[in-house]
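Here's the structure we're looking at; comments come further down.
Number of protein chains: 2
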Amino acid sequence: MGLTNLHALSATDAARLIRDGVISSEELVQACLARVRETDARVQAWAFLDPEYALAQARSADEVRQSGQPVGSLHGVPVGIKDIIDTADMPTENGSVLCAGRTPSRDAAVVARLRAAGVVIMGKTVTAEFATRAPGKTRNPHNPAHTPGGSSSGSAAAVAAGMVPVALGSQTGGSTVRPASFCGVYGLKPTHGLVSRHGMFRLSRTLDHVGLFARTIEDLALLLEELAGGDERDPDSRPRARVPYRDVAGEAPPLPPMFAFVRTALWDRVDVDAKEAFAELCGHLGERVETVELSEAADEASEWHRVIMEAEMAANLSREWETGRARLSESLRARLERGREVRALDYLRALARVPELDASFAELFAQRYDAILTPAAPGTAPEGLGSTGDPAFCTLWTLCGMPALSVPLMQGVNGLPLGVQLVGPRHGDARLLRTARWLVGHVASR
Amino acid sequence: MGLTNLHALSATDAARLIRDGVISSEELVQACLARVRETDARVQAWAFLDPEYALAQARSADEVRQSGQPVGSLHGVPVGIKDIIDTADMPTENGSVLCAGRTPSRDAAVVARLRAAGVVIMGKTVTAEFATRAPGKTRNPHNPAHTPGGSSSGSAAAVAAGMVPVALGSQTGGSTVRPASFCGVYGLKPTHGLVSRHGMFRLSRTLDHVGLFARTIEDLALLLEELAGGDERDPDSRPRARVPYRDVAGEAPPLPPMFAFVRTALWDRVDVDAKEAFAELCGHLGERVETVELSEAADEASEWHRVIMEAEMAANLSREWETGRARLSESLRARLERGREVRALDYLRALARVPELDASFAELFAQRYDAILTPAAPGTAPEGLGSTGDPAFCTLWTLCGMPALSVPLMQGVNGLPLGVQLVGPRHGDARLLRTARWLVGHVASR
Numbered sequence: 007m008g009l010t011n012l013h014a015l016s017a018t019d020a021a022r023l024i025r026d027g028v029i030s031s032e033e034l035v036q037a038c039l040a041r042v043r044e045t046d047a048r049v050q051a052w053a054f055l056d057p058e059y060a061l062a063q064a065r066s067a068d069e070v071r072q073s074g075q076p077v078g079s080l081h082g083v084p085v086g087i088k089d090i091i092d093t094a095d096m097p098t099e100n101g102s103v104l105c106a107g108r109t110p111s112r113d114a115a116v117v118a119r120l121r122a123a124g125v126v127i128m129g130k131t132v133t134a135e136f137a138t139r140a141p142g143k144t145r146n147p148h149n150p151a152h153t154p155g156g157s158s159s160g161s162a163a164a165v166a167a168g169m170v171p172v173a174l175g176s177q178t179g180g181s182t183v184r185p186a187s188f189c190g191v192y193g194l195k196p197t198h199g200l201v202s203r204h205g206m207f208r209l210s211r212t213l214d215h216v217g218l219f220a221r222t223i224e225d226l227a228l229l230l231e232e233l234a235g236g237d238e239r240d241p242d243s244r245p246r247a248r249v250p251y252r253d254v255a256g257e258a259p260p261l262p263p264m265f266a267f268v269r270t271a272l273w274d275r276v277d278v279d280a281k282e283a284f285a286e287l288c289g290h291l292g293e294r295v296e297t298v299e300l301s302e303a304a305d306e307a308s309e310w311h312r313v314i315m316e317a318e319m320a321a322n323l324s325r326e327w328e329t330g331r332a333r334l335s336e337s338l339r340a341r342l343e344r345g346r347e348v349r350a351l352d353y354l355r356a357l358a359r360v361p362e363l364d365a366s367f368a369e370l371f372a373q374r375y376d377a378i379l380t381p382a383a384p385g386t387a388p389e390g391l392g393s394t395g396d397p398a399f400c401t402l403w404t405l406c407g408m409p410a411l412s413v414p415l416m417q418g419v420n421g422l423p424l425g426v427q428l429v430g431p432r433h434g435d436a437r438l439l440r441t442a443r444w445l446v447g448h449v450a451s452r
Numbered sequence: 007m008g009l010t011n012l013h014a015l016s017a018t019d020a021a022r023l024i025r026d027g028v029i030s031s032e033e034l035v036q037a038c039l040a041r042v043r044e045t046d047a048r049v050q051a052w053a054f055l056d057p058e059y060a061l062a063q064a065r066s067a068d069e070v071r072q073s074g075q076p077v078g079s080l081h082g083v084p085v086g087i088k089d090i091i092d093t094a095d096m097p098t099e100n101g102s103v104l105c106a107g108r109t110p111s112r113d114a115a116v117v118a119r120l121r122a123a124g125v126v127i128m129g130k131t132v133t134a135e136f137a138t139r140a141p142g143k144t145r146n147p148h149n150p151a152h153t154p155g156g157s158s159s160g161s162a163a164a165v166a167a168g169m170v171p172v173a174l175g176s177q178t179g180g181s182t183v184r185p186a187s188f189c190g191v192y193g194l195k196p197t198h199g200l201v202s203r204h205g206m207f208r209l210s211r212t213l214d215h216v217g218l219f220a221r222t223i224e225d226l227a228l229l230l231e232e233l234a235g236g237d238e239r240d241p242d243s244r245p246r247a248r249v250p251y252r253d254v255a256g257e258a259p260p261l262p263p264m265f266a267f268v269r270t271a272l273w274d275r276v277d278v279d280a281k282e283a284f285a286e287l288c289g290h291l292g293e294r295v296e297t298v299e300l301s302e303a304a305d306e307a308s309e310w311h312r313v314i315m316e317a318e319m320a321a322n323l324s325r326e327w328e329t330g331r332a333r334l335s336e337s338l339r340a341r342l343e344r345g346r347e348v349r350a351l352d353y354l355r356a357l358a359r360v361p362e363l364d365a366s367f368a369e370l371f372a373q374r375y376d377a378i379l380t381p382a383a384p385g386t387a388p389e390g391l392g393s394t395g396d397p398a399f400c401t402l403w404t405l406c407g408m409p410a411l412s413v414p415l416m417q418g419v420n421g422l423p424l425g426v427q428l429v430g431p432r433h434g435d436a437r438l439l440r441t442a443r444w445l446v447g448h449v450a451s452r
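Those protein sequences? They're chains P and Y, same order as listed. Just so you know, my numbering puts 427 at position 421 of the first sequence, and the rest follows in order with no gaps. Just so you know, my numbering puts 234 at position 228 of the second sequence, and the rest follows in order with no gaps.
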C-alpha cells in the first residue's frame with residue numbers, strides 16, 4: 007500500500023501496522039490530514055481540528071512504541087469526537103453559540119478510555135445544535151447538496167470521507183443510525199448503559215447513548231471492546247462481565263441467522279426506491295427472513311419517546327432557556343416550550359410503559375430471531391441542508407435501549423447510500439455485530 | 007427464662023436457642039401468639055394473622071431442624087411484614103379498601119430472602135393507606151390514645167408490644183423512623199437501593215425504601231445481613247460486595263465517634279420537652295458532638311421531596327385514581343390532585359438537585375463526623391388517632407437515600423418514648439449501627 011492511501015485503512019489494520027512498525031502513527035495522521043485538506047472544504051466535518059496538535063499526539067505515540075513499552079489496541083490511530091463529548095485539550099461547544107469557547111477541564115469517560123487505548127484525538131466533529139435538530143455546517147460527502155444526517159453529522163461524514171477511520175457520536179433519537187445510513191458507513195448505538203456517558207452533554211438521561219462510527223464491523227467491535235464497561239458516574243451504567251466483542255463478532259454464527267423484518271407503523275413514509283431495495287434484500291434472504299408485526303404498544307412508542315425526550319431536554323436545557331433562549335434555534339425553542347409544559351404524570355407514565363415493550367422484544371428474540379431488520383431512515387439523504395432528515399425509524403429502538411446498527415448495504419437510484427438497520431436484544435451487542443457480518447457476507451455472495 | 011417470657015427474646019437470641027435445641031420455634035411462636043392475645047385487642051397491629059398457620063410454619067421449621075439439615079440465621083423466628091409487601095400465602099391489601107382481598111401469587115424479594123433464612127411469617131401488619139398518611143386501626147402500645155406513627159404503624163407497634171421480635175416496614179417520607187421513635191423501638195431505613203423493593207407496593211421509585219424494626223441493634227444487623235443484596239428486578243439495586251453487618255455492628259469503634267448535631271430548619275417545630283432531652287444528650291456527649299448548620303440547599307429539600315413524592319405517587323396510583331378515587335381518603339385524593347399537576351420540568355429539576363446535596367453530606371462525613379444526630383420527630387407520639395404525626399424530620403435523609411436509624415434513647419415528660427435519629431453516609435449502614443451501639447452504651451454508662 008502506498009503511503010497516500012493510508013487514510014483508507016481500517017482502525018484495526020492501522021493499529022496492527024503501527025504496532026508491527028510497518029507504518030508510524032505520524033504517517034497515518036499525515037495521510038488523514040491530507041485527506042482533510044482534500045475533502046473538508048466541501049464536507050466541513052470539523053468543529054475543531056488543529057493539525058499540529060494531532061501530529062504532536064501521533065509523534066508522541068510513535069515515541070512510546072519505539073521505547074518498547076506495551077501499546078493499546080488503538081495505539082496511534084486517529085479518532086474523531088463529536089463536539090458534545092468533553093475533551094480536556096480541545097474546546098467542546100455543543101453546536102451552540104451559547105457554548106462558544108467552552109473548554110472543559112476533563113475528558114469524558116469515553117475519551118479517557120480511548121486515550122488509554124492509545125488513540126490520537128484528531129479533533130471535534132460537527133454536531134447539530136445540542137445534539138438535536140438544527141443542522142451544523144457539515145455536508146454529505148457523497149453529494150454536498152444533501153444533508154449528512156444528524157445530529158452526529160461530522161462524525162458520520164468524516165468517517166465516510168476517509169478523514170478518520172472511526173469516530174464517536176451520540177444518539178437520543180436517531181443521531182447515529184440515521185447519519186450513518188445517509189453517509190454510507192457503519193453506525194452503532196450500543197445497548198443503553200453499556201458505554202458511559204459521563205462527560206457528554208446530557209440531553210436526556212433516559213435516551214442518551216454514545217454512538218460509534220466506522221467503515222468495518224471489526225472496527226466497531228474493537229471500539230466497543232475499549233468503550234464498554236461500568237462507570238459509577240453514569241447513573242445507568244452497571245458493572246458487567248467483559249465481553250470479547252472482537253472474537254464474537256469475528257466468529258461465524260453456529261446457524262445462519264434468522265431476521266425479523268419489521269416495517270413498523272411508519273412504513274408508508276418509506277420512499278418507493280427504499281421499499282424496492284428492502285424487497286430485494288428480503289428476497290435474497292429467502293427463508294432466513296420473516297415479516298413480523300409489532301404490538302400496538304410499539305406504535306405508541308414514538309409518542310412516549312417524544313414526551314420523555316422533550317421533558318428531559320427542557321429540564322437539562324433549563325439554564326440555557328433562562329439565560330439565552332433568544333440564541334437558540336427556533337425549532338429547539340419550540341420543542342423546549344412544549345417540553346416545559348409536559349406533566350410529570352405523563353412523563354412518568356411514558357417511562358413506565360417501556361419495560362413491557364422491552365419484554366415483548368425480549369420474547370421475540372428468545373423465540374426465533376437473531377436480529378430485527380428494519381429501515382434506518384425513510385430513504386437516502388434528502389436534498390438540502392436545512393434539515394438532518396427524519397429520525398422516526400430510530401426512536402423505538404432508542405427508547406428501548408436496544409443495540410441498533412446501520413449497515414451500509416444498499417444504494418438509492420440517486421447513487422446515495424442507504425443503510426439497513428439491524429436491532430438486537432439488550433446486551434446482545436456482540437451477537438448483533440456477528441449477525442451483521444454474516445448478512446454483509448451473504449449479500450456480497452449474491 | 008420461663009417459657010412465658012420467650013416473646014421478649016431478641017431475634018438473635020431466639021434463633022440461637024432454637025438452633026441449639028434449647029427452645030423450639032413452636033414454643034417461641036406460641037409465646038408471641040400469647041402476647042398477641044394479651045395486647046392486640048388494645049394495639050391492633052395486625053391486618054392479617056392466622057395463628058394456626060403461624061404455628062404450622064413453626065412446626066415445619068422445627069422438623070427441619072430436628073432432621074439435622076443446616077438452618078438459616080433466623081430459623082424459626084417469627085417476623086411481621088407490613089401489608090404493602092407481597093406474600094404468596096397471605097393477603098396484601100396496602101391499607102386500602104381498593105385492594106381488599108388482594109392475594110399476590112409471589113413473595114416480595116425481602117420475604118423470599120427471610121424465608122430462605124428460615125423465618126416464620128407471623129402475619130401482615132397494619133399500614134396507613136398505601137403507605138401514606140391516612141391511619142389504619144393501630145394504636146400506640148405505650149398509650150392507646152396516642153398514634154403509633156405511620157405508615158408502618160403495625161410493624162412498629164407489634165415489635166414494641168413484644169408480639170414479634172422484628173418486623174419489616176417501609177419509608178418514603180418518614181414511615182419507619184417516625185413510628186419507631188413513637189413506639190420506642192429501633193427503626194432502620196437502610197441506604198436507598200441496598201434492600202430490594204421488588205414485590206413491595208411502589209409509591210415512589212426514587213424515595214421508597216424497605217424499613218427494619220427491632221428491639222436491639224444486633225437484630226437490625228442480623229436482618230440487614232439477610233436482606234441486603236443486588237436484585238435486577240429493583241431498578242435502583244446494584245450488585246455490591248457482601249458486608250458483615252453483624253461483625254461490624256458488634257465491634258467497638260477504633261475511636262469514640264464524633265456526632266454532628268443537626269437541628270435542621272425545622273427546629274422551631276420541636277417541642278420544649280424534646281429540646282431539653284436533646285440538650286441533655288448533647289451535654290452528655292460533650293466534645294464528641296458539634297452543632298452543624300446545613301447548607302441552604304438542605305432547607306429546600308423538603309420541597310423537592312414533596313414534588314418528587316407527589317408526582318411519582320400520582321403516576322403510581324393513576325389506576326386507582328381512574329377507577330376508585332371516591333374510595334381513597336380525602337387527604338390522599340388531595341395529594342394526588344396536586345401530584346397530577348406537577349410539571350415534569352419541576353419534577354426533574356428536583357431530582358437533579360439531589361446529587362449536590364448528597365455530595366455535601368459525603369463531605370461532612372469524610373471531614374469529621376461518624377453520624378448526624380438529629381430529631382426523629384418533633385416530639386413524642388401526639389395524642390389522637392387521626393394523624394400519624396409529622397414526618398418532616400425524616401424527609402431530607404430519605405431524599406438523599408442515606409441510612410437513617412431511630413434509637414429509642416429518650417422519654418418525654420408524658421412517659422412516651424422519643425427516638426434520636428442517627429444518619430450516616432450512603433452505604434455506611436454497618437458503621438452507623440456500630441456508632442449507634444457506642445451511643446447506647448455511652449448513654450447507659452451515665
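Glycine residues also receive a C-beta, built at the ideal position from the N, C-alpha and C atoms. Please read these numbers as outputs of a predicted model, since none were measured by experiment.
Asked: Spatial neighbours of P:Gly180 in its chain, beta-carbon cut-off 6 Å, leaving aside the 5 residues before and after; Found: Pro397, Cys400
Asked: CA nearest to the CA of Y:Pro381, picked from Y:Glu347, Y:Leu428, Y:Pro409, Y:Thr394; Found: Y:Leu428
Asked: Span separating the alpha-carbon of P:Asp95 from that of P:Pro110; Found: 8 Å
Asked: Straight-line Cα distance separating Y:Arg48 from Y:Ser161; Found: 15 Å
Asked: Residue-chain proximity (Y:Tyr59, chain P), Cβ-Cβ < 8 Å; Found: no
Asked: For Y:Ser324, the first and last residue of its enclosing alpha helix (DSSP H); Found: 324-330
Asked: Among P:Glu299, P:Leu61, P:Asp56, P:Asp26, the one whose alpha carbon lies nearest that of P:Ser79; Found: P:Asp26
Asked: Own chain, CB closer than 6 Å to P:Trp310, minus 5 neighbours either side, in chain order; Found: Ala356, Arg359
Asked: Cβ neighbour criterion (16 or more within 10 Å) applied to P:Met7; Found: Confidence at P:Met7 is low in this model, with a pLDDT of 48, below 50, so the placement of that residue is unreliable and no value is reported for it.
Asked: Pairwise C-alpha distance: Y:Thr404 and Y:Gln373; Found: 22 Å
Asked: Those residues which DSSP pairs with Y:Arg349 across a bridge; Found: P:Arg349
Asked: Euclidean distance between Cα positions of Y:Cys406 and Y:Pro361; Found: 8 Å
Asked: Partners in chain Y for P:Val1, counting only beta-carbon separations shorter than 9 Å; Found: There is no way to answer for residue 1 of chain P, as the model of chain P reaches only from 7 to 452.
Asked: Within-8 Å CB hit, Y:Arg325 to chain P; Found: no
Asked: heavy atom of the ligand GDP below 7 Å from Y:Val295 C-beta; Found: Among the components of this structure there are no ligands whatsoever, and the ligand GDP is therefore not found.
Asked: Min CB distance P:Leu334 to chain Y below 8 Å; Found: no
Asked: DSSP state of Y:Phe207 mapped onto helix, strand, coil; Found: coil
Asked: DSSP state of P:Pro57 mapped onto helix, strand, coil; Found: helix
Asked: Within-8 Å CB hit, P:Leu4 to chain Y; Found: An answer regarding residue 4 of chain P cannot be provided, because it is not within the stretch 7 to 452 covered by chain P.
Asked: Cβ pair P:Leu351, Y:Arg346 closer than 8 Å; Found: yes
Asked: As assigned by DSSP and simplified to three states, the class of P:Thr2; Found: Here chain P has residues from 7 to 452 only, and residue 2 of chain P is not among them.
Asked: Sufficient close CB pairs (3 or more, under 8 Å) joining the segment 122-141 of chain P to the segment 73-89 of chain P; Found: yes
Asked: Cβ contact check for the segment 62-79 of chain Y and the segment 16-35 of chain Y: 3 or more pairs under 8 Å; Found: yes
Asked: P:Leu200 at chain Y interface by Cβ criterion, 8 Å; Found: no
Asked: Where the segment 353-367 of chain Y meets chain P: residues whose CB sits under 8 Å from a CB there; Found: Tyr353, Leu354, Arg355, Ala358
Asked: Test: P:Leu351 CB closer than 8 Å to a CB of chain Y; Found: yes
Asked: Reference Y:Ala137; option with closest CA among Y:His448, Y:Leu338, Y:Arg440, Y:Ala442; Found: Y:Leu338
Asked: Selection of the segment 81-105 of chain P by Cβ proximity to chain Y, strictly under 8 Å; Found: none
Asked: Amino acids of chain P, ordered along the chain, whose beta-carbon sits closer than 7 Å to that of Y:Glu318; Found: Leu354
Asked: CA-to-CA distance, Y:Leu39 to Y:Pro150, given in whole angstroms; Found: 20 Å
Asked: is_contact[Y:Val348, chain P] using C-beta, thresh 8 Å; Found: yes
Asked: Range covered by the beta strand (DSSP E) that runs through P:Arg177; Found: Note that residue 177 of chain P corresponds to Gln in the displayed sequence, not to Arg. Per DSSP, P:Gln177 belongs to the beta strand (DSSP E) from 172-177.
Asked: Of the residues P:Cys189, P:Trp444, P:Glu299, P:Pro263, the one placed nearest P:Leu422, counting alpha carbons only; Found: P:Cys189
Asked: Reference Y:Pro383; option with closest CA among Y:Leu370, Y:Ala377, Y:Gly418; Found: At residue 383 of chain Y the sequence reads Ala, which differs from the Pro that was named. Here the closest residue by C-alpha is Y:Gly418.
Asked: Rounded distance between the beta-carbons of P:Pro263 and P:Ala377, thought under 8 Å; Found: 6 Å
Asked: Distance between beta carbons of Y:Arg221 and Y:Val191, contact taken as under 8 Å; Found: 6 Å
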